[in-house]
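Per mature numbering (1 follows the signal peptide of the UniProt record, and there is no 0), the sequence shown runs over residues -27 to -1, 1 to 364. Where is the CB? At the ideal position from N, CA and C, for every residue including glycine.
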Amino acid sequence: MIRAHRFTWLTAGIFLLAACLASVAFAADPPGQTPIAKAVIDSDRSRTPEGKITIGVHVSLSPKWLNPQEVPAGMAYELLWKLHDNMIKANTEDLYSYALADSYDMSPDYKTATIRLRPGVKFHNGEAITSEDVKFSYENYHGMNATYMHERTERVEIVDDRTVKFHFKEPFLDFLLYYATPASAAGVIIPKNYYLSLGATNAERDEKFNQAPIGAGPYKFVRQEPGIEVEFEAFTDYWRKVPHVKTVISRGVRELPVRVAALKSGEADFVYFVTGELLQSVIDDPNLRYHPNNSAPFWLMFPDMANPESPFHDKRVRQAISLALDRQYLADQETAGMAVPWGNFVPPEWPGAVHRPGDEFNIEKAKALMAEAGYEKGFKIDWFTPFPAVE
């Protein structure tokens, strides 16, 4: 039977069953400081998590995605933020919200940032989270944008058991953008002692951590079938609230028709990334609900463009391909008209995003540029990608 409470997520977004980003109240911020919302904590700890839900994810689930220390570019945070928690998280509508931290202060010259843990927060193994874990998680971080952040950091100072101060070599105006958003996972806290116990090198530790991760998020790791599915169980000591659902299974289902069929048959309760004709079938189904993300992850990429032997190395070729795309048509066909073309890789809800309209649709200009670049008759290229084609 198809239950009316099933959801369809149109893009690869983040869904935390503990309602981690719900209900915020604003803290007063000094002039020039980034606004950060206070977390609203549910003080009722008497709830007993019940039931199970299955989530159909649109990509194969890599064990690396369970490890914030080696977060790769382009990963799906659907797994990470069930298992782990940030000091501060990016929220919707140009906001950040406090998570494991309860205060943050950037100096007027943007050369020091002081962040404080909220009291009583724990890892899944019962250990208290301390400033040692915060310092280590940042300094040892070797995932996406690690070099950018470390090159700008002079040192990380432990002030006390709950407080850490970051000292920067130069004004680091976008520190919070990297520390608190999916631009990196340097602000995701892992248990230092457990991680170090897993081996002598980061490579050894990462391999073992990926198999048995410990975090501080609303759900604990139970088991995984690498690439296929991961099972989580509610962490009843989660600081924000006791999760409602006891067991969550994230399952990689790359084929869109299979995901939608699983949703309609009851095999899955939530699915991500539904597009095209199947999206309209979901919208029209009275037994299903859909919820669009702020931004859909459709963007134009040119593989191997840094290689002088690649046709994409020529700027004119890249411009021609962009001009040959009818973005409004794609938006209408793939998102039932909900999407709006946007010319910036950075989504509009991110702080500091610059509004840039998408390129015009102009076939004649595209043909002229291709001819000028020496590809009047076009060219053929094979491109292998881990992601399935949009239906």
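Query raised in the report: Taking Cβ positions, are glycine 225 and histidine 57 nearer each other than 8 Å?
Result: no
Query raised in the report: Can you name the start and end residues of the alpha helix (DSSP H) that glycine 225 belongs to?
Result: Not the alpha helix (DSSP H): glycine 225 falls in the beta strand (DSSP E), residues 218 to 225.
Query - chain C within 8 Å of tyrosine 50, Cβ atoms only - result: Absence of chain C from the displayed structure is noted, only one protein chain being present.
Report task. Give the range of the beta strand (DSSP E) segment to which glutamate 250 is assigned. Result -> Here glutamate 250 belongs to no beta strand (DSSP E); instead the alpha helix (DSSP H) covers 249 to 256.
Query - Span of the beta strand (DSSP E), counted from its first residue to its last, around alanine 63 - result: 61 to 63
**Report entry** Proximal residues to leucine 252 (C-beta, below 6 Å), its chain only, five neighbours per side dropped
**Finding:** Ala309
Query raised in the report: Whole-angstrom Cβ separation of alanine 218 and proline 22, contact assumed at under 8 Å?
Result: First, the residue type needs correcting, since residue 218 is valine and not alanine in the sequence shown. Their Cβ separation, rounded to whole angstroms, is 6 Å, which keeps valine 218 and proline 22 in contact under 8 Å.
Query raised in the report: How about valine 313 and alanine 304: do their beta carbons lie closer than 8 Å?
Result: yes
Query - Beta-carbon proximity list for glutamate 202, same chain, < 8 Å, skipping 5 on both sides - result: Leu34, Ile222, Ser223, Arg224, Gly225
Requested in this report: Note down the Cα distance separating isoleucine 187 from lysine 55, rounded to an integer number of angstroms.
Outcome: 11 Å
Query - Per DSSP, the bridge partner or partners of serine 35 - result: Partner(s): none; serine 35 has no beta bridge.
Query raised in the report: Does DSSP put methionine 343 in a helix, in a strand, or in coil?
Result: helix
Query raised in the report: Can you name, in chain order, every residue of its own chain whose Cβ lies under 6 Å from the Cβ of alanine 235, other than the five neighbours on each side?
Result: Gly29, Ala241
Query raised in the report: Does the distance from the C-beta atom of arginine 213 to that of isoleucine 14 stay below 8 Å?
Result: yes
Requested in this report: Kindly indicate which three-state DSSP category glutamate 107 falls into: helix, strand or coil?
Outcome: According to the sequence provided, residue 107 is valine. The question's glutamate does not apply to it. It is helical.
Report task. Would you kindly work out how many angstroms separate the C-alpha atoms of arginine 300 and serine 254, rounded to a whole number? Result -> 22 Å
Query - Segment limits, beta strand (DSSP E) that includes leucine 90 - result: 85 to 90
Report task. Would you kindly report the start and end of the unbroken alpha helix (DSSP H) that includes phenylalanine 145? Result -> Run containing phenylalanine 145: none; DSSP gives neither H nor E here.
Query raised in the report: Is the Cβ-Cβ distance between arginine 232 and valine 215 less than 8 Å?
Result: no
Query raised in the report: At what residues does the alpha helix (DSSP H) containing methionine 274 begin and finish?
Result: Here methionine 274 belongs to no alpha helix (DSSP H), and DSSP marks it neither H nor E.
Query raised in the report: From glutamate 333 to glutamate 100, what distance separates their C-alpha atoms?
Result: 55 Å
**Report entry** Length of the line joining the Cα atoms of proline 155 and glutamine 42
**Finding:** 13 Å
Query raised in the report: What residue range is occupied by the uninterrupted beta strand (DSSP E) comprising lysine 11?
Result: 9 to 12
Requested in this report: Identify which residue in Val161, Ala185, His115, Ala158 has its Cα closest to the Cα of serine 170.
Outcome: Ala185
Requested in this report: Under 6 Å Cβ to Cβ from valine 94, same chain only, skipping five residues before and after it: list those, please.
Outcome: Leu73, Ile102, Trp212
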